[in-house]
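Here's the structure, in structure tokens; my notes come after.
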Amino acid sequence: MSKTKKRFLILAGILLTIVIVGIFSINGIIAGIISGKIDNILEKHPVKNYHISYQRVGYNLLNHSARIINFTYIPNQDYLDSLTATSTGYTVPEIHLEKLIISGIDYKRAFSEKHIELNKILVKNLNVKLWKIEGKAKSTKKSSHTQIPDSIQINGIDGLSTHKFIIEKSKVELIDRKTNKTIATNSEISALLSEFKLVSTGHQNNFFRPVVADATLQLNDFVFFTPKKLYKLSAKRITLNWSDKDIFIYKLHYQPLYSKKDFSKHIKFQTERYDFSLKNIKLSLPDIKALVNSNRLILSIVQINDARFNIYRDKQVPFDHSKRPLLPNQAIKRLALQLNINTISIKNSTFAYEETTGRSEQPLYINFKNLSAEITNLSNLKNRTYQESKMKVVLKGRLMGEAPFDMQILFPLKARNDTFVFSGTVYGKVLLKTFNKASYPAAGINIKSGIMNKLTFKGGANPYHSKGTLTFLYNNVKLDIITKDKKEANKFLSWGATTMIRKDNPSAGKTPKQAIMAFDRNMEKGFGNFLWKTIFTGIKATFIGGKKSLVQPVKTTNDKKTKKRKKRKQ
Numbered sequence: 005m006s007k008t009k010k011r012f013l014i015l016a017g018i019l020l021t022i023v024i025v026g027i028f029s030i031n032g033i034i035a036g037i038i039s040g041k042i043d044n045i046l047e048k049h050p051v052k053n054y055h056i057s058y059q060r061v062g063y064n065l066l067n068h069s070a071r072i073i074n075f076t077y078i079p080n081q082d083y084l085d086s087l088t089a090t091s092t093g094y095t096v097p098e099i100h101l102e103k104l105i106i107s108g109i110d111y112k113r114a115f116s117e118k119h120i121e122l123n124k125i126l127v128k129n130l131n132v133k134l135w136k137i138e139g140k141a142k143s144t145k146k147s148s149h150t151q152i153p154d155s156i157q158i159n160g161i162d163g164l165s166t167h168k169f170i171i172e173k174s175k176v177e178l179i180d181r182k183t184n185k186t187i188a189t190n191s192e193i194s195a196l197l198s199e200f201k202l203v204s205t206g207h208q209n210n211f212f213r214p215v216v217a218d219a220t221l222q223l224n225d226f227v228f229f230t231p232k233k234l235y236k237l238s239a240k241r242i243t244l245n246w247s248d249k250d251i252f253i254y255k256l257h258y259q260p261l262y263s264k265k266d267f268s269k270h271i272k273f274q275t276e277r278y279d280f281s282l283k284n285i286k287l288s289l290p291d292i293k294a295l296v297n298s299n300r301l302i303l304s305i306v307q308i309n310d311a312r313f314n315i316y317r318d319k320q321v322p323f324d325h326s327k328r329p330l331l332p333n334q335a336i337k338r339l340a341l342q343l344n345i346n347t348i349s350i351k352n353s354t355f356a357y358e359e360t361t362g363r364s365e366q367p368l369y370i371n372f373k374n375l376s377a378e379i380t381n382l383s384n385l386k387n388r389t390y391q392e393s394k395m396k397v398v399l400k401g402r403l404m405g406e407a408p409f410d411m412q413i414l415f416p417l418k419a420r421n422d423t424f425v426f427s428g429t430v431y432g433k434v435l436l437k438t439f440n441k442a443s444y445p446a447a448g449i450n451i452k453s454g455i456m457n458k459l460t461f462k463g464g465a466n467p468y469h470s471k472g473t474l475t476f477l478y479n480n481v482k483l484d485i486i487t488k489d490k491k492e493a494n495k496f497l498s499w500g501a502t503t504m505i506r507k508d509n510p511s512a513g514k515t516p517k518q519a520i521m522a523f524d525r526n527m528e529k530g531f532g533n534f535l536w537k538t539i540f541t542g543i544k545a546t547f548i549g550g551k552k553s554l555v556q557p558v559k560t561t562n563d564k565k566t567k568k569r570k571k572r573k574q
């Protein structure tokens with residue numbers, strides 16, 4: 005290599021070193037200026053009851069980016085203690101941020117207008133702890149201060165805007181400060197917000213509200229523990245798409261924390277033990293922004309696929325006789341939340357109900373497979389028309405996994421007396437023994453043989469009484485009726501059931517018997533019990549009912565007798 009080339013390379017290396025050193029020096033100087041500005045803002049505009057700190061500030065001249073390392077926003081312990089002494093409830097945030105990177109800074113606008121305009125904001129490893137404080141008295145609907153803020157206070161600027169706001173590998177926890185136990189958490193949150201802005205609310209105390217053109221948010225491994233620590237609500241993934249106005253939930257599970265046996269030890273009175281798992285849920289919202297600090301929940305469509313609903317009740321636990329359960333239409337109308345859901349669609353699902361009765365060692369068990377449901381016009385908005393305010397429930401599936409069925413229930417939500425009408429069909433041919441898992445524990449009815457061909461029913465009800473008609477077509481029924489005393493069967497009833505029961509409907513050469521359904525509701529029991537007991541009165545009347553419990557056929561007369569009666573009247 006010639007001496008000239010060597011000198012050139014040495015000179016170029018020296019110049020490059022000077023440039024690099026110069027860039028690092030400028031980076032350090034600008035970082036110092038930014039750090040000084042931040043310190044000045046924190047000193048002149050301290051945030052009451054909070055300690056704010058950061059480890060260091062960095063700057064990159066090449067891409068005009070700045071970064072803040074290990075930022076913390078921690079409430080003072082004395083402040084938290086003072087909230088504990090109040091009578092209302094609060095949720096107080098604590099923030100730990102490992103890295104905040106802002107790039108594409110418009111310095112001219114920042115210094116002249118105090119408006120921060122950026123190309124991108126990147127938040128990495130953000131950990132937000134929300135300390136839940138109950139106060140001396142338990143939070144009530146009127147006194148609770150626990151809510152999602154719709155604005156934040158930032159001193160020293162007049163606004164902020166960025167083309168992209170990215171959140172990576174972040175976490176939010178809700179913690180009970182009294183017990184220091186986690187109520188809700190997640191493994192990771194990621195988000196991308198487009199054209200994000202902080203716009204002044206117009207208040208003189210520097211509050212800003214967020215505005216976004218589009219956004220996607222993904223939350224992984226979400227977990228929430230219910231207040232009484234009986235259940236855990238979890239979701240593998242929750243995704244929000246702002247422009248499409250959709251929320252997707254994957255593998256939602258509402259899971260009891262105790263087994264069936266142990267669950268009964270943690271409740272004072274009888275209550276259902278729920279175990280729900282829903283593989284896919286899609287929520288379509290007309291306005292996502294309305295979800296924040298709004299007393300309204302407006303949904304266009306809720307789609308649920310591959311759900312498993314399991315309910316268990318231990319009837320050996322003491323019953324709470326002070327309870328007065330509301331019917332679905334009553335409960336919706338009395339919600340404090342303004343609710344409107346156009347359609348709830350459930351497909352490819354199963355439902356199972358099990359209870360221990362003490363009547364027999366065998367628990368009562370009912371299940372529905374291949375279940376689909378559609379609920380329309382679920383609303384308590386008062387400005388809807390009468391037709392729109394009729395909530396309709398349509399169910400289809402296989403009863404006990406065998407018998408195809410469909411059912412419709414119509415709730416006129418504007419009816420003052422809270423009436424509803426219902427109808428349904430269970431199709432055969434199905435062996436009646438299939439229903440022993442329900443009939444024997446519930447009513448002591450052990451079906452020995454018989455085939456169900458078809459069961460149809462229709463009726464109406466108010467909160468106190470129901471009535472209707474039922475047609476149950478079957479043949480060759482044999483059954484035993486057992487008393488509550490498991491050790492001894494009532495021989496008379498058993499004999500009567502096998503010799504006096506209507507074994508076929510219709511009987512040979514006759515028209516089918518149609519039974520009357522009528523039931524006075526036990527006001528301590530809920531909607532499911534009310535509906536089942538109503539239908540059961542019709543089934544029972546078909547088996548052993550007399551004239552009063554059956555619909556009497558209209559008597560027809562022959563033409564000669566009719567003519568004679570007409571002549572006599574003339």
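According to our numbering, the stretch in the sequence shown is residues 5 to 574, in order.
Beta carbons are placed, not taken as given, at the ideal position from N, Cα and C, and that holds for glycine.
Since the model is a prediction, treat every value here as computed from it, not as a measurement.
Contact set for residue i: own chain, Cβ-Cβ below 8 angstroms, skip 5 residues either direction
i, result
"Lys-9", "none"
"Ala-442", "Leu-368, Tyr-369, Ile-370 and Met-404"
"Tyr-431", "Ala-407, Pro-408, Phe-409 and Lys-458"
Exposure of residue i, with buried meaning 16 or more beta-carbon neighbours within 10 Å
i, result
"Thr-538", "buried"
"Phe-115", "exposed"
"Ser-263", "exposed"
"Lys-552", "exposed"
"Asn-333", "buried"
"Val-51", "exposed"
"Asn-80", "exposed"
"Ala-512", "exposed"
"Asn-421", "exposed"
"Ala-340", "exposed"
"Ala-465", "buried"
"Lys-394", "buried"
"Asp-266", "exposed"
"Lys-185", "exposed"
"Ser-247", "exposed"
"Gly-448", "buried"
Rounded C-alpha distance that separates residue i from residue j
i, j, result
"Leu-343", "Asp-250", "18 angstroms"
"Leu-331", "Ala-311", "24 angstroms"
"Trp-135", "Tyr-94", "8 angstroms"
"Thr-360", "Ser-174", "45 angstroms"
"Phe-476", "Asp-180", "56 angstroms"
"Ile-53", "Phe-200", "Position check: residue 53 holds Asn in this sequence, whereas Ile was assumed. So the alpha carbons of these two residues sit roughly 28 angstroms apart."
"Gly-62", "Gly-26", "15 angstroms"
"Lys-337", "Ile-37", "60 angstroms"
"Val-215", "Lys-168", "12 angstroms"
"Phe-313", "Asp-524", "29 angstroms"
"Pro-445", "Thr-429", "24 angstroms"
"Lys-351", "Pro-408", "15 angstroms"
"Arg-113", "Ser-191", "38 angstroms"
"Phe-426", "Pro-510", "24 angstroms"
"Pro-416", "Arg-388", "12 angstroms"
"Gly-472", "Arg-402", "23 angstroms"
"Leu-126", "Pro-290", "29 angstroms"
"Leu-13", "Leu-66", "24 angstroms"
Bridge-paired residues (DSSP) for residue i
i, result
"Met-411", "Leu-399 and Gly-428"
"Phe-212", "Ile-156 and Ser-204"
"Lys-136", "Thr-95 and Asp-180"
"Glu-528", "DSSP, once it has assigned bridges, lists no residue as partnering Glu-528."
"Asn-509", "Tyr-478"
"Ser-198", "Lys-168 and Asp-218"
"Val-321", "Partner(s): none; Val-321 has no beta bridge."
Neighbourhood of residue i by C-beta distance below 7 angstroms, restricted to the same chain and skipping five residues each side
i, result
"Lys-286", "Asp-250, Phe-252 and Gln-307"
"Asn-480", "Ser-453, Gly-454, Ile-455, Lys-507 and Asp-508"
"Ile-271", "Val-321"
"Lys-577", "In this structure the chain extends from 5 to 574, so residue 577 is not present and cannot be described."
"His-68", "Ser-107, Gly-108 and Ile-109"
Close beta carbons around residue i, own chain, < 6 angstroms, minus the five adjacent residues each side
i, result
"Ser-353", "Ala-311 and Leu-375"
"Asp-110", "Glu-121"
"Gly-139", "Thr-90, Ser-91, Thr-92 and Gly-93"
"Pro-329", "Gly-530"
"Ala-335", "none"
Short CB-CB distance (under 9 angstroms) between residue i and chain C
i, result
"Lys-418", "Considering every chain present, this structure includes no chain C. It has just one protein chain."
Alpha helix (DSSP H) runs contained entirely in the segment 324-387, provided each spans 4 or more residues | Runs found: 332-337.
Every unbroken alpha helix (DSSP H) within the segment 68-116, with a cutoff of 4 residues, ordered by chain = Within the segment 68-116, the alpha helix (DSSP H) runs of at least 4 residues that lie entirely inside it are, in chain order, 81-88.
Continuous beta strand (DSSP E) assignments of at least 3 residues falling wholly in the segment 239-281 = 250-260
Any alpha helix (DSSP H) of 4 or more consecutive residues that is wholly inside the segment 22-72 | Within the segment 22-72, no complete alpha helix (DSSP H) run reaches 4 residues.
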